[in-house]
Amino acid sequence: MIATLHGYVHAKKLSRIWFYEMLDRYAVTFMQGVVLVGNAMNRELPSRLVGSDKVIVIQNGLDYRAILSKSNQKN
3 MIATLHGYVH
13 AKKLSRIWFY
23 EMLDRYAVTF
33 MQGVVLVGNA
43 MNRELPSRLV
53 GSDKVIVIQN
63 GLDYRAILSK
73 SNQKN
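When we follow our numbering, the leftmost residue of the sequence shown carries the number 3, and every step to the right adds one.
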């Protein structure tokens, strides 16, 4: 089983979303593989996965620089 991590919300502590995030962080440690969509997600990994061979980064398919450039252009 493989998990893909795109990011966490960082919800208010003890909220329902915070609880789900904590469950996710726990459950992901039992996956056979973890795919991150960018290097920044390495900072979000549970400590048990840091430096693990189970983790691989596949860069996000969006060219965010081009999107930002186009969004800053006037029509």
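From the three backbone atoms N, C-alpha and C, an ideal C-beta is built for every residue, glycine too.
{"Query": "Determine the direct distance from the alpha carbon of L64 to that of L70, and round the result to whole angstroms.", "Result": "11 Å"}
{"Query": "Can you confirm whether the segment 16-35 touches the segment 50-58 when touching is taken to mean that 3 or more C-beta pairs between the two stretches lie within less than 8 Å?", "Result": "yes"}
{"Query": "Quick check on DSSP: helix, strand or coil for M37?", "Result": "As written in the sequence, residue 37 is Val, which differs from the Met given in the question. DSSP places V37 in strand when its eight states are reduced to three."}
{"Query": "Please identify the residue among A29, N62 and E23 whose C-alpha is closest to the C-alpha of A42.", "Result": "N62"}
{"Query": "In the structure shown, what three-state DSSP assignment does I69 receive?", "Result": "helix"}
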